[in-house]
Structures are given as structure tokens and as C-alpha cells.
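Take the sequence shown: its position 485, counted from the start at 1, is 508 in the numbering used here, and no numbers get skipped. Here's the structure we're looking at; comments come further down.
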Amino acid sequence: MFLRRLEISGFKSFASRTIFELGPGITAVVGPNGSGKSNIVEALRWVLGESSSRVLRARKLEEVIFVGSRSRPPAEKAEVTIVLDGLDGRDGRGQLSISRRAYRWGESDYLVNGRRARHRDVQELLVHLTGSTGASYAFIGQGLVESFLQMRPEDRRQLIEEASDVQRYRLRLEEACSRLARAREGMDKVRLLLGEIGPRLAQLERQARRAQEQRRLSTELAQALAVWYADAWHRSRSALEEATARLSRARQEEATLCDESSRCARELSQAAEEVKALRARAQAAAEERARRREAVQRLEQEAALTQQRLAMLGARRRDLEEELRSLREEMASLPPTDDEEGRHESLREFMASLEQELAKAREGLRRAEEEWRELSEAARSSRQRAEALRASAQEAERRAQRLRSATGDGNRHLQSLQEQRRALVRRMAQVVHALRELGRQEEAILRQGQELSQEMERLEREARQISAQIQQVESNQALRRAQLEEMRSRLQFVQDLERQLRPPLPEEEGGAVPGLETVLYRVLKVPKGLERAIEAALGEWLRALVVARSDEAIAAARRIADSSGERTYLVPMDGLRPVHSLSLTRERGVVGVAAQLVKCDPRYRRLVDALLGRVIIVEDVETAQRMARRELGTVVTLDGLVFHPWGAIGAGQGQHTRQFTLRLEWDSEDVVKEVQRLNALLDVGERELARLRSSLQERSEALAALRRQGASLEGERRRLQDAAAQQRARLAQLKGEMRGIMASLARLREQEAASLQEAQSLMERAAALQGEAQEAEAIAARLQPSLEAAAQRRREAGEAVGDLSARLASLQGQMRALEEEARRRWQARLRLEERIRAKEGQLAKLQQEEREVSAALADCQQRLEQARRQLQALPDEGPSEDAIARAEAREHEARQRLLQVQERLIAAERDLAQAEADLRHWRSEVESLAQKARADGYDPEALPPPPPEGVPEGLEAHIERLRAQLRRLGSVNSEAEGEYRQLRERHDGLVAQLADLEAAEAAVGRAMEEMDRFLERRFQETFDAVARGFSRYFASFFPGGEARLRLTDGPEPGVEMTARPPGKRVRTLNQLSGGERALTALAFLFALLETNPFPFCVLDEADAMLDEANVGRFADGLRELSRHIQFIVVTHNRKTIEAADAVYGISMGPDGASRVISLRLSDVAVG
């Protein structure tokens, strides 16, 4: 098998789709640094599943995608595909393609022959084809060839294991371990199930036998009850029918009297209504006269007020009319605006003529000033140029003199600089020597620092582990303390609850009750989950006192009644009558009869049956409603809803029953045991904390000592670095001084020649400048008369402009005063017009309001007249007193007749009540009998008639004996027989399954032992082969040298490497030179490849440290191994390239993307 083709698209610098056609032998990849050669190696590792960011030089997945450049957009995905050929043999035709794609939004996937695959599928495929997921020694990255020498012995062992091709066997061993773990887990589960099923199986066997006995007794009891219920039902029904007939006669008599009573009541009501109506008419007449008189007075007051308001409005109207007349007269007295407009126009025309004259004067002034400025500037420039020319001539003469004197000083300075240069050379040599010495000292300190860092890392790891353990223990301690505090609070609460649940007793004689045995709630042992149901069923009976005899109970009851204490129930044990507990068949939703579910001491069983024998516990409300309709007894749901036989429903909890729930869940003895257990766990935890903290303190102290030592070494290293930096700075300074001195020497020589030449030219220039200065002074003298005449013309033009400006300003002031006066008059006119409009608006509103008030006054006077007429029209009086007295007498007579009828009705109702009581008694007897029959599973309506000879003697005693036997059996699981058969079959199956698992465990254990022996033997054989190959390759690279591998001591020994080139004695591999280290590492690599050839091997600049001669040996080794291995070599060495069968050249384009050219050397014509 070999690598046939590599396709790269969008991966790092390979922006475009690039195809590498590869073949057996050696393929060389060449190109300048930074062109993307190493990206080919990383692409191969990436497509084979590599994910390490360090190996791929990419911190995130999207960093492997081409990022783009100025001239090329970034790629959306990276894709690499390899095609493996020769899967059916070296010359076979079978091919396989593996692709990996990564998208910029973070998604990544694999393809095998174009189909999606998982990373694990690719790894398993590589293991199947090559024996490993990609041998680590088959991909040697840039600068990593020497890592073989820096590895720990344990890491070299892993390389040997890779070469021994044991990875696929290790995978099988791991699978076997997994199967063994699963088998043991299955065995544990089976044993656990058997441990759980065993007791349950024995319990079900006993329950099945009890179910059979219960069926026999139930059948016999049903036959006896059928005879007894038939006789009792016939006798009760006859008595009920007779009571029903008596009740019917009583009801008929009562209905007749009720009708007569209703008639008398209606007559009484009519008479009372007549009296009430007469009295109401008399009262209404008086009230109506008072109301009308009050309305007349109210309207009179309203008319007076309206008259006053109308007078006020008239006075206000007259005032407004007077004010409006005054404002209009003031408006008429204002002067007209036509005269002001004429004055404004004449001033504007005169001002326009003055502005034209002023503009002409200003233009003449501007021309005069321009002429004067031009002449002044020309004269000033001529004088300044003359002065500057004379100064330049003098400066040129002085500079020429200085140059002549400086030539002699330069010769002396040149000799001094040469002496300084020789001193600097000596000082630079001393600094270089000091830098080398400091470098050697720093290397030694770095080695010590690395050792200290490793030790500190070990201690820090241990400290972190101990700290984590301390945090875990402290968390557990805090949890236990919280649990302990909760248990203590609960213990206190339970103890307080015990005191609260004791019923209050009289204080005399210490509150003791003679014969008191216990309190009822202490008798009960309620299964978990039934507490609320039992509490709801018993209610306040939970606190009942249980005494031995009836006389003691009566005496205690009298004492409690005399002390006016809370209601307390007392139960004498000798006065209990036997109550038959219900017997129910198993139904869906029915938990059972409460008396059969609650456990107690046998001597209190009759008490429990009496209280709970006819209480049925069900799971939900629907079942409760269904059972309540059967009228078997009281039905209670698990959450405490009580359904009584007569239809009432109870909900909620009483004050004491709420506390009783907690009492049932926790007993004080259990809480005390829990507190003791938590205290013991806290003590153990504190001891563990002390031990861990002591261990942590020891490691912290050791770590602090190492840190101090490291700080000391770091300080010494910084001191050496500072000293080296100072020496480098000094060396740089000396180099700078040397460059400065050399530049000064050259500059001085050039300046000496230039100075002499410049002095001569300066003297010539000074003479020419003197002549130009004299000519400039003559020009300035000729311009002076013209300048004085221009100044005179400028003064005259300025005076004319000033005179005209003053006159124009005076006229503008007059114009502004006139405009201000006109503005004031206009504003006064506007204000008067505004006030006139406001007054007119107020006058209009006032006139409107006056009209409205006048209309209101007329309306009010009209209503007043009408109210006076109505008051006069009312009658003087209502009904007479005689009419009212006659009506009251008729009412008295009707009331007397009603009382007589009601006395007869009361007597009839007493007879009816007695008949109803008799009927309820016999109906209760019938219902009680029906309830008992239904409780025992009989329908009273469907019972057959009793036998003519009557019931057998002793039938009731026989029934009681059967019931007692059923009670002794207790609650019976009717499905126990079927469950027993099913559980027995499951038990037998699990026993067989356990035997199979134990046999499988033994077989897997033997296979694992055999695999361990095989792996050890295979590793030893591979190690021997690699050791021989390493020695042979080293000897070929270093004729006369020797190298070997050996195993270290230990259960899994590592691999130590020693090498000695010819003519050298070295103790460690670090003492080898760079080239020797590279060749030693290559010898080890070639030995690994020779022992277990991977189909292809990639070397990235593995020959970078080799000289020309050693590169040839490296190339010879490649040629020898290439007969079995395909090599892809990234190189810069000529001899390596010459050994290649094909060459790919990589370059970087201007768009930031790598470009490829290829060359197969066998196709190139020789010569």
C-alpha cells in the first residue's frame, strides 16, 4: 500500500485546489522559507485525524482555512483528500480515499470513498490497514528529529510498541477488558437480583398457602351469612312497611291543617295591609304639604338672587360703554402719518447724493495710497538689499578666515581619532569575552531552574489534589453538621410533640389517671404512606386514653369534666364490644381495611378493630366515591379525604393530627441514633481533615522553599541577564563609537580639502557683493522725491473722505430719530386698537349674560307662581281616625282565628314526628342490615326468602368463629400464587444466567493472560530488532562509533539510548554536537522504519542540521528504505533532492497562496 494522490483545497496557504500525484520511492518538496512546504505535512496529518493545535500550528479549527489576502478572498472551507493505492498488495489495484473537511462556521466531517464517516471509523480503518492509527515516527515535523534523544525512556518504549504493531492487539485486549467488566457487572446485578428475589420468593410461598386457606374460609362464611341475612332482612322489611303506613296517615292530617292555617294567615295579612295603607295615606298627605311649602320658599330666594345679579350686570355694562367711548376719542386725537413720510423721503435723497460723493473720494484715496505704498516698498527694498549685501560680504570674509585657521586644528584632531580607534578595538575584545562567560553561567542556571520547575510542578499537583480532598471533606463535614443540627432540632421537636400529644388531665394528684395503660396513638404502628389516612379516620381519637376498667374510665371522666378541661376520650378495655372487621376482595384502587393494615399489640386488637374495622382505605377520590356508594363503611383516601356512609365528606387536618404525622415519621429513639451516627462521622472527618491539612502544610513548606530557591536562581539569572545586557549595550556603544570615529576620520579629511577651496570662493564673492550694495543705494536715492509727492496727495484725499463721512453720519442720525418717533406712534395706535377690541368683546359678553339672566329671572318667577297655586290646591286632611280603628279591629279578629288553627297543627306535627322517628328507626335498621350484607358481599334485594323451619340454632356463633379465623389470617394477597409461579421461573433463569456469566468470566480472563504474554513476547522481539538496526545504522553513519539501546528496570521498563561517535567519550546525549545528535536520531528512526515499515513516511527538513558529507549518508539510508517505504521529504539539501524520484517545487504567489510545480527526474533527459 502507498499514497497515490494528495488533494488540498483551502487548507492554510493552499487556497486553490492542488493535486500531488505521488508514487513509490522518494518525493522531495523544495522551495523558499514561508512558501507553504510544511503545510503539506500538516495537511497529511490533519486528514489522518490529527487534532493537536501544537502540531497543526492552529489554535482553533477555522485557523486551518485560508484566511485570504488583499487580492484574494478567504476560503469558506478547507478540504484535504488522500488516495491510498495497492490495498490488495504492493502492485494491486485496490484504492481507498479518505477526506476531511472543515467549514468556517465550525463544522467538520470525514469522508471515506465519498461517504460520511466518523473520526473513530477513520482510526479503526487505519488500524485495520496499517496496524496503527498513524505511527508517530512516520511523521517527523520541522526541527523534531532530535526529539527522539530528548524523550523519556517510557516515551521511547511507546515508539517500540508502535513498531511492534501491537496496537490492534491492545485494542482487542481493551475490548476484552470491557467485556470482562460488563460480565462482572452483569454478575453483580444477577447476584443482587437473586439476593432480592430469594426472601421475596419465600414470602410469596407463605402468602400463597394463606391465600388458599382464606378462600376455603371465605366460601364457608359466605354460605352461613346468606342464610342469616335472608331471615333478618325479611323481619326488618315487614316492620319498615308498617311504619311507612302510619307516617302516610300522619302526613295527610298535617297537610289539611296546613291548608287551613294558610287561609287564616292570608286573611290576617289582608287586614294588616288595610291598616298599613290607611296610616300611610295620612302620613303622605302631611309630607306632601311640607314639601310644596319648602319649594315655594326656595323659588322665592332664587328670584331675589337673580334680580340682584341682573342689577349688577347693568351697572357693569354702563361702565364698559363709558371706557370704550374714552378710548375711541384718544384714537381720534393721534396725528396723521403722511407728513412723516415726506420728511423721510427728502432725507433719503440727500443721503444718496452724499454717498456717491463719498465713494468717489474713497476711490481717489485708494489710488493715492497704492502709489505711495509702491514707491515706499521700492525704496525700502533697495536700502535693505544694500545692507544685506554688505553684511554678506563681511560674513564671507570672516568665514574664509575661520576656514584657514580650522585646517590646522583638523590635523591634530585626526591623529587623536586614530588613537581612540585602537583603544576601542581592545575594549570590544574584552566585552565579547565577558559575554561568552555570562552565557555559560546562564545556561547552567537555566538547567537548575528546569529541574526546580519540574519538582515544583510535582508538589503543586500534589497540593492541588490534597486541597481538592480537603474541600470535599469540608463539604461533607458541612453537610453532616447541617444534618446533625436538623436531627437535634427534630429530636427537640419530637420531644415537645410527645408532651403536646398527651391529653390534658386534672392537676390534682399530679394529673394521674387510675388504671391508665397508654394513649391511643402509641398503640398504632402505621405503615409508611398510610399516616394521613389513619389520622383523618381517627381524628381526635388519636389522643384517647386507654384504661383497664370501666369504673376507672368513669371516675377519670368526672374529674376531667369537673376541671373544665379540653374534651378527652377514654376507652375502657373491659367494656369493648367485639366489632367484626370488613372482609374485602382485592380490587383496583382499594388499599384495604384500615384495621387489617395497622399493626398493634395483640391485647389491643379489639380496640383497633372497633375503631378501624369498618374504615376502608383507597388510593384516589374516584375509588372512594365508588366504594362509598356501596355503603360498606367509612372510606378514606391516602391524602386524608373522608367519605362518611351518610354522604358527608371531611377534609383537612386538626391541630393535633398535623403533629401526629411527624410523630409517625420520626421516633425519638431513631433520632438519637441518627445524632450519634452523625457525631461519629464528624469525628472521623475532623481527623481526616487534620491529616490532610498537615500533609498540605508539608507540601506548602517544601514548595515555598523551592520557590525561594527558584527566586534566588531567577534573581541570579536576571543579574546575569542584566550584566549581559549591560555588556551588549556596552558593546553596541563601543561599536557605535567605532563607527563614529571612522566616520569622523573620513569627514575630517574631506572637510580639510573642502575648507581651502571654500575660503577662496568666499573672498571672491565678498568683492562682488560690495559692488551690488553700492548700486542699490543709488536706486533708493533717486526714488525719494517721487515718494514725498505721493504722500502729499494721500493726505489731501484722506481729508476729503473724512469731511464727507461726517456729513453722512449726521444725516443718518437724523433719519434714525425720525424712524424711532414713527415706530413709537405706530405702537401706541396698535395698543389703543387692541384695548378697544378687548372692551368691545367684554361688552358683547356682558350684554349676552344680561339677556340670559333676564330670561332666567322670568322663568323663576313663572315657576314660583305655579308652586304657589299647587300649594293652595292641596286637600286639608287624609283618612279619618274612625276608619283606621275599624280596620285594626278586623286585623285582631283574624289573628285570633289563626292562633287556634296553629295549636291544632302543632299537635298534628307531633304525631307526624313520632311516625317519622319510628320510620327512621326501622329504616336505619334495614340500612344497617343492608350495609352489613353489602360489606360481606351480598345484595339484600336479591336474597332468597328464609327457610320455613327458620335459621339453624348457633348460626351466629359459627359465623363469629369463621370471622375470627379470617382475622387471624390478616390481609391476604390474592395474586400471590400467580406471582410465586412467575418469580420462581425468573429465579431459576437468573441462576442459569449467573452460571453462564461465571464461565464467560473465566474464559475472558484466560484470553487476557494469553494476550499479555503475547504482547510482552512481541515487544521483546521488536526491541531486539530495533536495537540491532540502531547499532547498524549508527555504525554506517559514524564508522568506528557504537550505539545501543537497553531496557531500564521496572514492571514496564523504558528504553535508554547510548551513543559514542569515534574518538569521543561522552556520558550523555546532550554532549553530542548538533550534527551528531541529528544523525543519532535518524539512526533510531531508520531502525524503527526498517523493523516495521509504515506504508509512507513524511520528513520535514530532517536533514537541516547535516553537513554535505552526512547528507549523503542520510540519502543512502533513504534509498535503502524506499524499497519498502514511500518517502515524502521536505528539504533544502542538494544531495537529498538528487536522491528523489520526483520533485515538487513550492512558491508563494503575490496573492498569499502557495503555487506548485512538479518534476519527475526519470523523465528528464541526461546530458
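Backbone N, C-alpha and C define an ideal beta-carbon position, used for all residues, glycine too. The structure presented is a predicted model; accordingly, all values stated were derived computationally and were not measured.
Suppose the cutoff is 7 Å on Cβ atoms and the five residues either side in sequence are ignored; what does the same chain contact list for residue i look like?
i       : result
Thr153  : Phe1117, Pro1118
Gly1172 : Arg1178
Have a look at residue i and residue j and give me their C-alpha separation to the nearest angstrom.
i       : j       : result
Leu547  : Val621  : 7 Å
Gly15   : Met451  : Nothing can be reported for residue 15: it is not among the residues displayed for the chain, which extend from 24 to 1190.
Ala618  : Ile639  : 9 Å
Met1031 : Glu1039 : 12 Å
Arg830  : Leu377  : 8 Å
Glu420  : Glu397  : 35 Å
Glu99   : Lys60   : 22 Å
Ala253  : Glu964  : 10 Å
Ala384  : Ser369  : 23 Å
Arg754  : Gln407  : According to the sequence provided, residue 754 is Leu. The question's Arg does not apply to it. Taking the straight line joining both Cα atoms gives about 55 Å.
Ala273  : Ser259  : 22 Å
Arg1041 : Ala140  : 32 Å
Lys696  : Glu509  : 13 Å
Glu323  : Leu347  : 37 Å
Val949  : Leu263  : 8 Å
Arg581  : Leu599  : 20 Å
Arg609  : Gln988  : 18 Å
Ala38   : Asn62   : 12 Å
Gln495  : Ala1025 : 39 Å
Leu866  : Ala334  : 15 Å
Arg847  : Leu869  : 33 Å
Glu393  : Arg816  : 11 Å
Ser58   : Arg1157 : 18 Å
Glu888  : Glu904  : 35 Å
Arg913  : Ala294  : 6 Å
Gln506  : Gln488  : 27 Å
Val103  : Glu485  : 43 Å
Are residue i and residue j touching if we call contact CB-CB under 8 Å?
i       : j       : result
Ile1148 : Val52   : no
Ser75   : Arg82   : no
Ala931  : Arg269  : no
Leu447  : Glu760  : yes
Val542  : Leu568  : yes
Trp69   : Arg138  : no
Leu605  : Leu655  : yes
Val614  : Val641  : yes
Thr1091 : Pro176  : no
Gly538  : Ala571  : yes
Gly663  : Ala491  : no
Leu1144 : Leu1111 : no
Between residue i and residue j, how many whole angstroms is the CB-CB distance? I'm expecting something under 8 Å.
i       : j       : result
Ile183  : Phe1046 : 5 Å
Asn1115 : Ser187  : 7 Å
Glu236  : Leu992  : 6 Å
Glu283  : Val924  : 5 Å
I'd like the list of long-range same chain contacts for residue i, defined as Cβ closer than 8 Å, with 5 residues on each side in sequence excluded.
i      : result
Arg84  : The sequence shown places Leu at residue 84, not Arg. Taken in chain order, the residues that qualify are Ala125, Gly129, Ser131.
Gln750 : Val454, Ala457, Leu458, Leu461
Leaving out five residues on either side along the sequence, give the residues of the same chain with a beta carbon under 6 Å from the beta carbon of residue i.
i      : result
Ala266 : Asp941, Leu942, Trp945
Val602 : Asp632, Ala633, Gly636
Leu388 : Ala820, Gly821, Val824
Counting beta carbon pairs with one atom in the region 238–252 and one in the region 947–965, are three or more of them shorter than 8 Å?
yes
Touching by the beta-carbon criterion (3+ pairs, under 8 Å), the region 281–294 and the region 909–923:
yes
Kindly confirm or deny that the region 1055–1072 and the region 1102–1112 touch, where touching means at least three C-beta pairs closer than 8 Å.
yes
Counting pairs of beta carbons, one from the region 839–850 and one from the region 290–307, are three or more of them closer than 8 Å?
no
Cβ contact (3+ pairs, closer than 8 Å) linking the region 1022–1037 and the region 202–211:
yes
Quick check: the region 853–871 against the region 312–322, are at least 3 beta-carbon pairs closer than 8 Å?
no
Okay, do the region 1072–1087 and the region 1013–1020 touch, 3+ Cβ pairs below 8 Å being the bar?
no
Are there three or more Cβ pairs, one per stretch, closer than 8 Å when the region 1158–1166 is compared with the region 36–50?
yes
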